[in-house]
Ligand SMILES: [Ca+2]
Ligand SMILES: [Ca+2]
Ligand SMILES: [Ca+2]
Ligand SMILES: [Ca+2]
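In this note's numbering, the protein residues as written are 3 to 220.
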């Protein structure tokens, strides 16, 4: 019993340690709503020059965020996240176009938990989302990288679809070999740090050991 508990606690601790805060490597076939990757365990806080709002202000310290290293595999990439409070949601594509030789013209769609589309974006001003997007310097569209910012979204589960632009604003699959970065910032409950798991584990093991010695004495 104790052995099983210790093993599962150690597993929890090592899982948490491998889930590096603020970063997720996209390597799964997350090409449907059902197989959408849950990004909640990967949110963290800390400074990044590439996290920002529509005005280009750095917002990395204002709410948890995660940076996804996306990989195209002939499908639309779906991600999901669950917020614990109403607030702002920012989805920001970075490093998808020039000078990325494996880049593409991205398209973003945000859905609610019933898969109803809430918003979408193809191209956006490069300054939005702070750093990470190349500015082509055109008059209307400064970048092919997508950006979405929604205010006061109710607490709940949301889905993001990253796709290639576009057939009459219908998202189309991302070609194999494409590389992009997606920054997502939202009101997500903090995930305990590995040290917290370790402390919880030590506390529980101590408690169980004390119980056992009590039982043996009785
Ligand atoms: Ca950015
Ligand atoms: Ca993918
Ligand atoms: Ca961007
Ligand atoms: Ca685009």
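Built from N, CA and C at the ideal position, the CB exists for glycine as well. Keep in mind the model is a prediction, meaning the values are calculated, not measured.
Rounding to the nearest angstrom, what Cα-Cα distance links residue 67 and residue 114 in this structure? 19 Å
Residue of 190, 143 and 41 minimising C-alpha distance to residue 82: Its Cα nearest to that of residue 82, the residue 41 stands out among 190, 143 and 41.
From 119, 56 and 90, residue whose alpha carbon lies closest to that of residue 125: 56
Entirely enclosed alpha helix (DSSP H) segments - the segment 114-154, minimum 4 residues: For the segment 114-154, not a single whole alpha helix (DSSP H) run of length 4 or above is found.
Distance, Cα to Cα, residue 73 vs residue 141? 30 Å
Applying the 10 Å Cβ sphere with the 16-neighbour rule, what's the burial state of residue 186? buried
Give every residue of the same chain whose Cβ lies closer than 6 Å to the Cβ of residue 12, excluding the five residues on either side of it in the sequence, and list them in chain order. Legend: pLDDT at residue 12 = 47, less than 50; position of this residue unreliable, value from coordinates given subsequently. For residue 12, where only same-chain residues beyond five positions count, there are no Cβ hits under 6 Å.
If you draw a straight line from the C-alpha of residue 178 to the C-alpha of residue 164, how long is it? 14 Å
Among 58, 69, 188 and 47, whose alpha-carbon lies nearest the alpha-carbon of residue 1? Nothing in the structure corresponds to residue 1, since the chain is present only between 3 and 220.
Residue 83, DSSP secondary structure in three states: Note: residue 83 maps to strand in three-state DSSP.
Taking the beta strand (DSSP E) that residue 166 belongs to, which residues open and close that run? That run of the beta strand (DSSP E) goes 159-169.
Buried or exposed: residue 192, going by 16 or more other Cβ atoms within 10 Å of its Cβ? exposed
Since residue 109 and residue 167 are thought to touch, with beta carbons under 8 Å apart, how far apart are those beta carbons, to the nearest angstrom? So it is a contact: roughly 4 Å between Cβ atoms.
Residue 147 classed as buried or exposed, judged by whether at least 16 other C-beta atoms fall within 10 angstroms: When all chains shown are included, residue 147 counts as buried.
Residue 157 versus residue 88 - alpha carbon distance: 5 Å
Rounded to a whole number of angstroms, what is the C-alpha to C-alpha distance between residue 30 and residue 153? Spanning the two alpha carbons is a distance of roughly 30 Å.
Note down the Cα distance separating residue 20 from residue 45, rounded to an integer number of angstroms. Low per-residue confidence applies at residue 20: pLDDT is 45, beneath 50, and the placement is therefore not dependable enough to give any value.
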